[in-house]
Structures are given as structure tokens and as C-alpha cells.
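Asks: Each residue of the sequence shown is one higher than the one before, counting from 875 in my numbering.
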Amino acid sequence: MPFGEMMITLDDVRCLTGLKIKGWPVEFQVDENMEDGTDLVSRLLGVSHVVATNELRTARGSSMKLKWLVDNWKDDMTSDDPHTLNCAARAYMMYVIRCVLFADKSGSQSHFLRILDNVEDSGRYA
875 MPFGEMMITL
885 DDVRCLTGLK
895 IKGWPVEFQV
905 DENMEDGTDL
915 VSRLLGVSHV
925 VATNELRTAR
935 GSSMKLKWLV
945 DNWKDDMTSD
955 DPHTLNCAAR
965 AYMMYVIRCV
975 LFADKSGSQS
985 HFLRILDNVE
995 DSGRYA
């Protein structure tokens, strides 16, 4: 490596973020269509099929706008309903995934929801 350059290692990521670097691999196929994305968003984020379809269509495909995630779940984090809390937790984790781990402004890809299907298992991923 040329003088003055450095490489970030997995251990650096672990130290800086506190994220696990050993665990289940994150694997999924990205070739889902609009209908698959709509079903996923509707089921895992607890919105109606119509709301999910509208958001994915607005965001052009299998993405959700980050603002949409925040606006729809910011008030649900204090709910007493376990299902609502799980949906809000998934929305928050999606926000973190898209703003911190895979930062870009293009939107939150619905296929990342697959790893959050079971909220309790999400901590086992590397």
C-alpha cells in the first residue's frame, strides 16, 4: 500500500461501531419485484398493502424513502402493543442500516427487511 494510505479492517469496524464481525452472514437475493417488496413492507412494517404499494411506487421500485420511515414510526416507539413495537423497531433498524451501515440517499431497500423478519434473531447477524 502506498505511503500515507490506510485500509479499514473488520476489527476497526468492530471497535468503532460496536458491531459484531462474527455471526450469521447477511444473505438475500435482490431480484424481488414490486409485488414481493409490497408484501414484505406490508407484513413486516405493519402498513396496509395500499400504503406499501404507494410508497414503493413513489420511491420507484423496491425502495422506501428514509423520510417515510421516520414519519410513519417516530411516534410508535413508546407503544404498549408488541406488534407495533416490532414494526417500529424494524423501521428504526432499516433507518440505521441505510444511514449508517450502507449510507446513501437513494432510499431504504425493502430487501433489507428480510434480515429483520424475526427481530429477536437480528442480533445474530455479523
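Even for Gly, the Cβ is constructed at its ideal location relative to N, Cα and C.
Hey, quick one: how far does the alpha helix (DSSP H) through K941 stretch, first residue to last?
Replies: That run of the alpha helix (DSSP H) goes 940-947.
Asks: Which same chain residues, not among the five before or five after T927, have their C-beta less than 7 angstroms away from its C-beta?
Replies: Within the same chain, T927 has close Cβ partners T912.
Asks: Rounded to whole angstroms, what's the CA-CA distance from K939 to P956? Just pull it up for me.
Replies: Those two C-alpha atoms are separated by around 25 angstroms.
Asks: Would you check if the distance between the CB atom of V993 and the CB atom of N960 is smaller than 8 angstroms?
Replies: Yes; because the gap between Cβ atoms is below 8 angstroms, this pair is in contact.
Asks: From D954 to R964, what distance separates their C-alpha atoms?
Replies: Computed Cα separation, rounded: 16 angstroms.
Asks: Given a threshold of 16 other Cβ atoms within 10 Å of its Cβ, counted over all protein chains shown, does P898 qualify as buried or as exposed?
Replies: Reading the sequence as shown, one finds Trp at residue 898 and not Pro. The residue is exposed, with fewer than 16 neighbouring Cβ atoms inside 10 Å.
Asks: Output the distance between the C-alpha atoms of V970 and G892, rounded to the nearest integer angstrom.
Replies: Cα-Cα distance, rounded: 14 angstroms.
Asks: Between the Cα of Y999 and the Cα atoms of A962, M967, C973, which residue gives the shortest distance?
Replies: Among A962, M967, C973, the Cα nearest to that of Y999 is on M967.
Asks: Count the other CB atoms, across all protein chains shown, that sit within 10 Å of the CB of F986; report buried if there are 16 or more and exposed otherwise.
Replies: The residue in question, F986, is buried, as its Cβ has 16 or more Cβ neighbours within 10 Å.
Asks: Tell me, which residues are paired with Y999 by DSSP?
Replies: Answer is W898, bridged to Y999.
Asks: Find the nearest neighbour of L918 within the set F976, A962, L890, L930, judged by alpha-carbon distance.
Replies: Considering only alpha carbons, the answer is A962.
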